[in-house]
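Visitor:
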Amino acid sequence: MFGLGLIKGLAVTARNLIGSYFDRERMTTVCYPEEIRPPIENFRNFPFLVYDERPDDLRCVACKICEKECPPQCIFIIQRRDDQGRPVKQPEVFDIDLSVCMSCAICVEVCPFDAIKMDHKFDYPSDNRFRGLLADKMQLARSNAYYHSIRPTEAAEVDARLAAETAKKAKPAPLPAKPNASAAPSA
Amino acid sequence: MEQGRTGVALGAAMDDRLKSELQRAGIFVTSLEGIYNWSRRSSVWPLQFGLACCAIEMIATAAARYDLARFGAEVFRPTPRQADLMIVAGTVTKKMAPQVVRIYNQMPEPKYVIAMGACAISGGPFKQGYNVLKGIDRYLPVDVHIPGCPPRPEALLNALMFLQRKIDRQTLDASRPLRWYDPMDKAEFPVPSYGAHDLTPSSNRAFWKPEATPRNEG
Amino acid sequence: MTPDAPPSGAPAESLYGPRSYRVWGDDALAGQFLEVSMGPHHPSTHGVFRMDVVLDGETVVRLKPVFGYLHRNHEKLAEGMSWLGSMPYTDRLDYLCSMTNNWAYALAVEKLAGLGVPERAEYIRVIVGELTRLVNHICLAGFLLADLGALGTPLLYAFREREKILDVFEEISGARMMCNYMRFGGVRADLSPEVLQKIARIVDRFPAFLDEFERLVSGNEILLSRCQGVGVLPRDLAVNAGVTGPMLRASGVDYDLRKVDRYGIYDRFEFRVPLGEHGDVYDRYMLRILEMRESISILRQALAQMPEKGEILHPQAKLRNFRPKPGEAYGRIEGPKGELGFYLISDGGVCPYRYRVRPPSFINLTVLEDMCLGQKVADVIVIFGSVDIVLGEADR
Amino acid sequence: MNAERFAAQFPGVQWDAATSSWIVPHEILLDVANFLKTDPEFRMEMLSNVTGVDRLPAKVKTKGEDGKETEHERPGYLEVVYHFYSVSRKQGPLVLRCRTEGRETPILPSITPLFRSAEFQEREIFDLFGIVFSGHPDLRRILMWDEFEDFPMRKDYVEPDDYEWEPTPHDAVLVKARRRQVADSAPPRHDA
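Chains as they are written, first to last, in this note's numbering: chain X, 1 to 187; chain L, 1001 to 1218; chain B, 2001 to 2396; chain H, 3001 to 3192.
1) Find the residues of chain X that neighbour H:V3173, judging by a C-beta separation of less than 8 Å, and give them in chain order.
2) Since B:E2397 and B:L2093 are thought to touch, with beta carbons under 8 Å apart, how far apart are those beta carbons, to the nearest angstrom?
3) Between L:I1056 and B:Y2095, how many whole angstroms is the CB-CB distance? I'm expecting something under 8 Å.
4) Name the DSSP bridge partner or partners of B:L2319?
5) Based on the DSSP secondary-structure assignment, which residues constitute the bridge partners of X:A135?
6) Hey, would you say L:R1138 sits closer than 8 Å to L:N1204, going by beta carbons?
7) Under DSSP, the beta strand (DSSP E) around L:H1145 begins and ends at which residues?
8) CB B:R2205 to CB L:A1064, shorter than 8 Å?
9) Output, in sequence order along the chain, the residues in the region 2146-2177 of chain B whose CB is closer than 8 Å to any CB in chain X.
10) Taking 8 Å as the cut-off, decide whether the C-beta atoms of B:Y2330 and B:G2338 are in contact.
11) Tell me the DSSP secondary structure of L:M1107 in three-state form.
12) Going by Cα to Cα distance, which pick from L:R1041, L:C1149, L:Q1128, L:P1141 is closest to B:N2180?
13) Taking Cβ-Cβ distances shorter than 9 Å, what residues in chain B pair up with X:S103?
14) Answer yes or no: does any C-beta atom of chain H fall closer than 8 Å to that of L:P1210?
15) Take H:V3060 as the anchor and find which of H:D3031, H:A3017, H:E3071 has the nearest alpha-carbon.
16) The beta strand (DSSP E) with B:E2339 in it runs from where to where?
17) By Cβ distance, which residues of its chain are closer than 6 Å to B:F2362, with the 5 residues on each side in sequence left out?
18) On the CB-based measure, 16 or more other CB atoms within 10 Å of its CB, does H:P3025 come out buried or exposed?
19) Would you call the region 74-81 of chain X in contact with the region 2206-2216 of chain B, where contact means no fewer than 3 C-beta pairs closer than 8 Å?
20) Taking DSSP as the reference, what is the three-state secondary structure of B:N2102?
21) Using a Cβ-Cβ cutoff of 7 Å, what residues of the region 2342-2371 of chain B are near chain L? List them in chain order.
22) Touching or not, the region 92-100 of chain X and the region 1152-1166 of chain L, by the rule of three or more beta carbon pairs under 8 Å?
23) Give the residues of chain L in contact with H:E3147, contact being defined as C-beta atoms less than 7 Å apart.
24) When you compare each of X:F2, X:P33, X:R59 to X:F113 by their alpha carbons, which one comes out closest?
25) In whole angstroms, give me the CA-to-CA distance for B:Y2105 and B:G2186.
26) Would you grab the beta carbon distance between B:V2281 and B:V2382 for me? Rounded to a whole angstrom, and I think it's under 8 Å.
27) How about B:G2398 and B:F2049: do their beta carbons lie closer than 8 Å?
28) Just to make sure I have the definition right: I need the residues of chain L whose C-beta is within less than 9 Å of the C-beta of H:E3159. Which are they?
29) Are there 16 or more other CB atoms within 10 angstroms of the CB of B:L2084, so buried, or fewer, so exposed?
30) Note down, in chain order, every chain X residue with its Cβ under 9 Å from the Cβ of L:C1054.
31) Tell me whether the beta-carbon of H:P3106 lies closer than 8 Å to the beta-carbon of H:V3087.
32) Under the three-state reduction of DSSP, which class applies to H:I3111: helix, strand or coil?
33) Where does B:F2184 land, buried or exposed, given buried means 16+ other C-beta within 10 angstroms?
34) Please identify the residue among X:G3, X:L4, X:K8, X:L17 whose C-alpha is closest to the C-alpha of B:Y2157.
35) What in chain L is Cβ-close to B:V2048, meaning under 7 Å?
36) Quick one: list the residues of chain B neighbouring H:K3068, beta-carbon separation under 8 Å, in chain order.
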């Protein structure tokens, strides 16, 4: 019968319309901003810099690896120098141009110090195109606790790794072979 | 609430306490400006205008899960003559820039521009390309910038709310006229033309004034 | 330009000759013909594509595509960037299916550097690749139907399903669209059991959705009368014009790189390659629906066969200072839109010497004029929609 | 075996082992392509990919017969690489390379009359590399606008200077941004 396909299609639409009142699968609207979907842990938007205790004492050592590897070149670092002009393992300037960043997380992957991580925050609307979208060191700094709050699994892994590294450093570096010590049962 | 306005903005000058007092008595008072801005911000019709990747997120915003209709902005108009808002969603190339400016010129006032995504703001990851315009604000006045590549649909909704707040602050005050009440201001921006090596001019110097690049040493 | 221009001696100015700024000669405006410029801002051009159409009444007499409105210099940028640095840019080529773009690029580089891929990573690649195919084809169906006048409903349903797959992508890679997920010699992150369960759930539910989608439109009389017999692409022309992917198979040519090249681990799965008979718009639409059903079957097999544990990155793969030895490689995969290839020339440096993308969207459009000639102007949009292009890839 | 037959058929064609491709003189490119397309043992009906490559003049070292390395100037040239596949025999790729004489007057024969798939790709190479394909039915710029005069994919292309706002510049961009800064601090120019 001509028109049967049309009627069938309309029946599907009607089923979806009515079904949306009962079935969560069919009613998928999330009423942002009143209702916010639970953020997915892995979600990445823009980078932030992790600090352990004080915001001016970042994990970042200004090694400039991320600056070099960043594909759109949106990171800018100047290393801090002390009074004598010797370089210090801290960035003096650490700027990220959010208007260029493509959220690829390559900086996170190449960072050997776990100092830069990806944030969940996405709402940065701004009407100042120049300074409003240039994030400096203080704006980028976030505590390790914040990192734990947005990415618990990953942060726990990172912490364990860092703790293992510090423990390794604390021990005398070349451990002499002590067959007796390893054979002895630990007290 | 700002004080000391005259004329049509009388209602806005009314004390908030008095207003709520009257409301309790069943009398609703608003200013002409309030109604005007309310109706304007509740029906921001965007132009159906996708350029690149961000356009897909723009469609996703209009689709079921994020539902742009809740903000009265789901009516995507294919023609600029019926649109209030231009969402520049994606990379503006130099080949496309004259068309974008021309479409903007064809939109009726009041009109707003959202630069969605890194590419529209500054050229983004493609900034160093020979055919990529380093930001649509070189030719058009942009109201809201949303960074992100691409911004999440929530970020677009957020930017729309930002724009609505911005519209709410607009005034009918004759002493501070908005652009579109000025009969001399045609709000038409010069369309760049294709040159031998680049667009000419390469930016609209009348309003695009970059600050000095903050890098003197490096 | 004379065909037999002398190859040497001519000065550079005369070589490129006087420039013609017009697509058509003056005769296009002389008589009964009407020249219409469709695009670049046109609601149905899937971006910023432009067609210069000459009409006789409503019939298309000539049609010339105009590209370049989204030419983002991907190739030039990649030549000044590290090998890894181009990976996130490939996401933005065909922005509907970033995973397969990643895959094609990774495949070409692995060929160039002689890197292997661990087994679990191969399975992960197949899983995300086929999920991407689902995303692409269902979006295409939605867009095509929107072009046909079914504004909204099919597209909304398509995007509803797409969101579910994007949630999975977000969970494994961190981003909805621009996944940047694959690495040379593997993938970036492992799939957790929860994610695998989620994928299995999507795979289980997808056929029911497809059935519903087909009930919604596939038998619709308007769809049938507007798609059947429209935009026929003959088999020989399709091969000669380098058309690949679902478009080629809709014309009845059995050429699926998953079967021909058997790249990755596609030789371990059983699936059929749907073929069209007429090569018209309807065949191309139905073929994609059928391909989705085959993708579901591949996904089911991959989920069942996937090893429980294993490496996801080749031990010799490295992120920084990646320098393949001098040489060249052409790697290609069966992308959702067709043969997506990467031709890379390395001179042993940190950047590729030449980085070329073989974009299926771009080359499939070669035959657009042939398919549109003699059709009505309203059909041009439908034919164009059935080609399935994404401008980010066509213009790069 | 096929390869031997192919080499015997066209003595001018050289096998390049480093890139696994055949270097074809441009005079016989169309004959070679036609042979590949029609020969029943090749049946390379599909020209999948056409790539332009720019080679700047360079110093190359070659080993002579006596084992000594000699350095000599290699002139620059432009090159087009063709990837052929056989759809019916499911074979491939067969790679041909065709080089221009110098970079000033690059002219190559167009393969479009034989393979439609080259139509847009040759136009793209014309646009971005400036190789003129004689015999192409419609050789115009395809990606850039018509008034554009440069060939941006060439290695010696110089970008237009629009580096006004570069907050995170590096390397080459830093140099350009600095140059721009100096220019901007100079007396105002008259922009058109």
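Beta carbons: idealized from backbone N, C-alpha and C, even for Gly.
Guide: On the basis of the supplied data:
1) For a Cβ distance threshold of 8 Å, residue set Q73 of chain X lies close to H:V3173, ordered along the chain.
2) Residue 2397 of chain B falls outside the range modelled here, since chain B spans only 2001 to 2396, and no answer is possible.
3) Taking C-beta atoms under 8 Å as the contact rule, L:I1056 and B:Y2095 qualify, at a distance of about 6 Å.
4) For B:L2319, which the question treats as bridged, DSSP gives no partner whatsoever.
5) X:I96
6) yes
7) 1144-1146
8) no
9) T2153, Y2157, R2160, E2163, D2167, E2170, E2171, I2172, S2173, G2174, A2175
10) Contact flag unset, no.
11) The answer is coil: DSSP assigns L:M1107 none of H, G, I, E or B.
12) Nearest of L:R1041, L:C1149, L:Q1128, L:P1141 to B:N2180, Cα basis: L:C1149.
13) P2088, G2174, A2175, M2178, N2180
14) yes
15) H:E3071
16) 2338-2346
17) The beta carbon of B:F2362 sits closer than 6 Å to those of A2394, all from its chain and outside the five residues before and after it, given in chain order.
18) exposed
19) no
20) helix
21) none
22) no
23) Y1194, G1195, A1196
24) Checked all of X:F2, X:P33, X:R59; the closest Cα to X:F113 is X:R59.
25) 12 Å
26) Contact holds; Cβ gap of about 6 Å.
27) With chain B covering only 2001 through 2396, there is no way to say anything about residue 2398 of chain B.
28) Q1128, G1129, Y1130, H1197, D1198
29) buried
30) Within 9 Å Cβ-Cβ: nothing; L:C1054 doesn't reach chain X, min ~12 Å.
31) H:P3106 places its beta carbon 8 Å or farther from that of H:V3087.
32) coil
33) buried
34) It is X:L17 whose Cα lies nearest to the Cα of B:Y2157.
35) Those are L1051, M1096, listed as they occur along chain L.
36) Here the premise fails: no neighbours, minimum Cβ distance about 22 Å.
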